[in-house]
Amino acid sequence: MNCAAGHRPLLVKPHVEGHYSVHDIAIEGEQRLTVHAMSHPVVEPLHYRPLAVSAGCTILGVTPPAASHMVMLAVGDDTVIRMDTVVYGESSRFEMLRRHFPGGGWSTIPLPRPPLRLPSQSSVSSISAYFVMGTRVWISVTGEGTFSLDTQLGVWRMEFPEELRRLQGRAFFVPELGSVVGLTGEDDRFLCSYKLNDDGKERGVPLTWQHTWSEAVPYPWECCEAPWREMVSLAYLGEGRFCVYRPVKVLGTAHNFNSFLVLELRRRPPDGKELEIAKRGVFYYHGMWPDQGLYQDIYFIQ
Numbered sequence: 000m001n002c003a004a005g006h007r008p009l010l011v012k013p014h015v016e017g018h019y020s021v022h023d024i025a026i027e028g029e030q031r032l033t034v035h036a037m038s039h040p041v042v043e044p045l046h047y048r049p050l051a052v053s054a055g056c057t058i059l060g061v062t063p064p065a066a067s068h069m070v071m072l073a074v075g076d077d078t079v080i081r082m083d084t085v086v087y088g089e090s091s092r093f094e095m096l097r098r099h100f101p102g103g104g105w106s107t108i109p110l111p112r113p114p115l116r117l118p119s120q121s122s123v124s125s126i127s128a129y130f131v132m133g134t135r136v137w138i139s140v141t142g143e144g145t146f147s148l149d150t151q152l153g154v155w156r157m158e159f160p161e162e163l164r165r166l167q168g169r170a171f172f173v174p175e176l177g178s179v180v181g182l183t184g185e186d187d188r189f190l191c192s193y194k195l196n197d198d199g200k201e202r203g204v205p206l207t208w209q210h211t212w213s214e215a216v217p218y219p220w221e222c223c224e225a226p227w228r229e230m231v232s233l234a235y236l237g238e239g240r241f242c243v244y245r246p247v248k249v250l251g252t253a254h255n256f257n258s259f260l261v262l263e264l265r266r267r268p269p270d271g272k273e274l275e276i277a278k279r280g281v282f283y284y285h286g287m288w289p290d291q292g293l294y295q296d297i298y299f300i301q
């Protein structure tokens, strides 16, 4: 658990039919700021070990069917929150997995559902974005608002009645930037940020939209496009650096590639109230497969 959840991102990719391998990633040099996958897996087969993942996928020894709509989010070294992203009636599942020391066994603790305003048992809503801030798990729920879970007490509260409309999927709170950074829900899946608004907490607005960066997608002269919007995945590398993975179609060729782009964010001088891109790496292409309208099932876990 320590090697995979919360501390650094790992890259999951198909190994053989029905199996996945998990790889470390590393930055090569300060000038190029590229990312590559290590040449060997860094963990043994998962054997139903719970891991938090980006891009709305989960691993429980094998990848569950997409209909499960479940995500897992690590909080520290010993807690994982497991939750359905499609919420309806009373059937939606929210659970907390706790690791026991010594021995490393896990126990499951049922959690209450967030205090949603669903008018009937047939009403449906969805968790559009989620992230960890300290010991709390935050979720943005379509049409309902933004909620947070105290993982120590197992209690939900509404943070404010508006959802985080620009965020979609896994996001990361970065204390040194004072912001939550994730990907937008538009087709281009831009990198974007919400500012932690300490002054606004009393008004019930702890987060406000800050910026969206179009630099998080291929430039036209890089001769590629990214038609597989649902497969874009984000990892946080520490020190304000993020890696965006996306499968891309290289124009003029009969093959597709996996692309990795690192961007480093910093506070903009002189007051540091806004963020800017300090460095943008070059695209690194890893792997290749024929252009048959398919993509490789690759994503980050963190």
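No gaps in the numbering here: position 111 of the sequence shown is 110 in numbering that gives the first Met the number 0, and each next residue is one more. Even for Gly, the Cβ is constructed at its ideal location relative to N, Cα and C.
Contact under 7 Å by Cβ, residue i with residue j
i, j, result
"F146", "P113", "yes"
"I300", "N257", "no"
"S139", "E175", "no"
"Y87", "V123", "yes"
"Y193", "V179", "yes"
"F241", "T211", "no"
"A234", "P8", "yes"
"F93", "M82", "yes"
"L260", "I276", "no"
"G177", "L166", "no"
"G355", "R265", "What the structure shows of the chain is the stretch from 0 to 301, and residue 355 is not part of that stretch, so it cannot be assessed."
"V74", "T141", "no"
Extent of the continuous beta strand (DSSP E) to which residue i belongs
i, result
"D149", "144-149"
"H68", "Counting along the chain, H68 falls outside any beta strand (DSSP E), and DSSP gives it neither H nor E."
"T141", "Looking at the DSSP string, T141 is not in any beta strand (DSSP E), and its letter there is neither H nor E."
"H210", "206-212"
"A277", "274-279"
"F307", "Nothing can be reported for residue 307: it is not among the residues displayed for the chain, which extend from 0 to 301."
"L10", "9-13"
"V86", "85-87"
"G181", "178-182"
"A128", "123-132"
Exposure label - residue i; buried when at least 16 CB within 10 Å
i, result
"S119", "exposed"
"P246", "buried"
"E143", "buried"
"P111", "exposed"
"G271", "exposed"
"T78", "buried"
"R237", "The question names Arg, but residue 237 in the sequence shown is Gly. Answer is exposed; the Cβ neighbour count stays below 16."
"G280", "buried"
"W155", "buried"
"R97", "exposed"
"S213", "exposed"
"L152", "exposed"
"S121", "exposed"
"P205", "buried"
"T207", "exposed"
Three-state secondary structure (DSSP) of residue i
i, result
"D77", "coil"
"E238", "coil"
"E158", "strand"
"Y298", "strand"
"L166", "coil"
"D187", "coil"
"L110", "coil"
"D270", "coil"
"L152", "coil"
"P246", "strand"
"S258", "strand"
"G55", "Residue confidence for G55 is low, a pLDDT of 36 falling below 50, so the modelled location carries little weight; the figure read from the coordinates is stated next. Residue state, collapsed to three classes: coil."
Test: residue i CB closer than 7 Å to a CB of chain C
i, result
"V261", "Absent from the structure is chain C; it holds one protein chain and no more."
Would you call the region 103-110 in contact with the region 120-137, where contact means no fewer than 3 C-beta pairs closer than 8 Å?
Touching, no, given that fewer than three Cβ pairs across the two stretches are closer than 8 Å.
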